[in-house]
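Residue numbers (our numbering), protein chains in the order written: chain H, 1 to 116; chain A, 117 to 233.
All C-beta atoms in this analysis are idealised placements derived from N, C-alpha and C, irrespective of residue type, glycine included.
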Amino acid sequence: AQKITQTQPGMFVQEKEAVTLDCTYDTSDQSYGLFWYKQPSSGEMIFLIYQGSYDEQNATEGRYSLNFQKARKSANLVISASQLGDSAMYFCAMRVRNSGNTPLVFGKGTRLSVIA
Amino acid sequence: DTEVTQTPKHLVMGMTNKKSLKCEQHMGHRAMYWYKQKAKKPPELMFVYSYEKLSINESVPSRFSPECPNSSLLNLHLHALQPEDSALYLCASSQELYPGTVNTEAFFGQGTRLTVV
């Protein structure tokens with residue numbers, strides 16, 4: 001079975017600074033996908049970035065980048081130039097290849113607070 | 117249209133009531149999901165529908181009954197709920213190009229905040 005670990009319950013960052021949110025995962029499968037989602041207080045889960053297990057380059061999407069270290073089984077999210085609107089819960093999630101459906105499995109999340 | 121729409125946004129129900137949560141997407145996604153999220157916890161998978169067939173039921177109590185009338189709609193029928201069932205219920209959908217797809221993101225609705233009194 002797969003497992004996602006986020007060890008930072010809460011993080012603070014100054015506006016305009018960069019911040020790294022940690023995520024480690026555990027799976028014995030070779031084919032998997034790693035995802036980061038943002039959840040503001042409104043409740044909606046917003047997809048941010050995806051990294052495939054066979055991707056050799058780290059994924060980037062605007063101010064978001066994923067620091068993928070396969071050997072260490074880590075997939076940390078880096079947010080550059082933090083904005084007040086980045087304050088939210090951030091979840092790391094995984095999908096693992098099997099013969100049927102592969103729903104997302106989530107870590108416990110990290111609450112990010114951006115300070116002006 | 118990259119939206120998943122959930123109704124209602126808020127619901128208060130008594131333990132003897134019957135109510136339904138609705139979810140709709142028009143992205144042509146053939147996998148749809150129900151997740152339950154308690155405060156300050158991650159979403160927990162309840163059900164998965166693939167091509168309108170129930171493919172995963174995560175040992176959810178029978179007082180929750182899912183239904184997928186067509187490829188765009190997903191319902192969750194609620195009956196005789198308990199106060200501990202109060203939570204945010206999230207619907208999601210994803211494009212499944214083949215069985216075991218891992219590289220497509222799930223799109224989520226804004227959720228229904230359910231309170232059982």
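### Message
Measuring straight from C-alpha to C-alpha, what distance separates K156 of chain A and G10 of chain H?
### Response
Using only the alpha carbons, I get a separation of about 11 Å.
### Query
Taking buried to mean at least 16 other C-beta atoms within 10 Å of its own C-beta, is D26 of chain H buried or exposed?
exposed
### Task
Per DSSP, which residues does V233 of chain A bridge with? Please list them.
According to DSSP, which records beta bridges pairwise, V233 of chain A is partnered with nothing at all.
### Query
For V128 of chain A, which residues does DSSP report across the bridge?
A:T231
### Under 8 Å between C-beta atoms of F12 of chain H and E221 of chain A
With respect to E221 of chain A, F12 of chain H sits apart: the two C-beta atoms are not nearer than 8 Å.
### Message
Can you confirm whether the segment 93-101 of chain H touches the segment 200-219 of chain A when touching is taken to mean that 3 or more C-beta pairs between the two stretches lie within less than 8 Å?
### Response
yes
### Query
Residues of chain A with CB under 9 Å from F12 of chain H, in chain order?
Near F12 of chain H there are no residues of chain A at all, since even the closest Cβ is about 17 Å away, more than 9 Å.
### Query
Using a Cβ-Cβ cut-off of 8 Å (strictly less than) and excluding sequence neighbours within five positions of G130 of chain A, which residues of its own chain qualify?
V232, V233
### Message
Would F180 of chain A pass as an interface residue toward chain H - the criterion being a Cβ-Cβ separation below 8 Å?
### Response
It does not: the Cβ of F180 of chain A has no partner Cβ on chain H nearer than 8 Å.
### Task
Could you tell me which of H:Y54, H:M45, H:E17 sits nearest to Q30 of chain H, measuring between CA atoms?
Out of H:Y54, H:M45, H:E17, H:Y54 has the C-alpha closest to the C-alpha of Q30 of chain H.
### Query
So, does the CB of R72 of chain H fall closer than 8 Å to a CB anywhere in chain A?
no
### Message
Does chain H have any CB closer than 8 Å to the CB of P226 of chain A?
### Response
With the sequence shown as reference, residue 226 of chain A is identified as Gln, and Pro is not the correct amino acid for it. Closer than 8 Å: yes.
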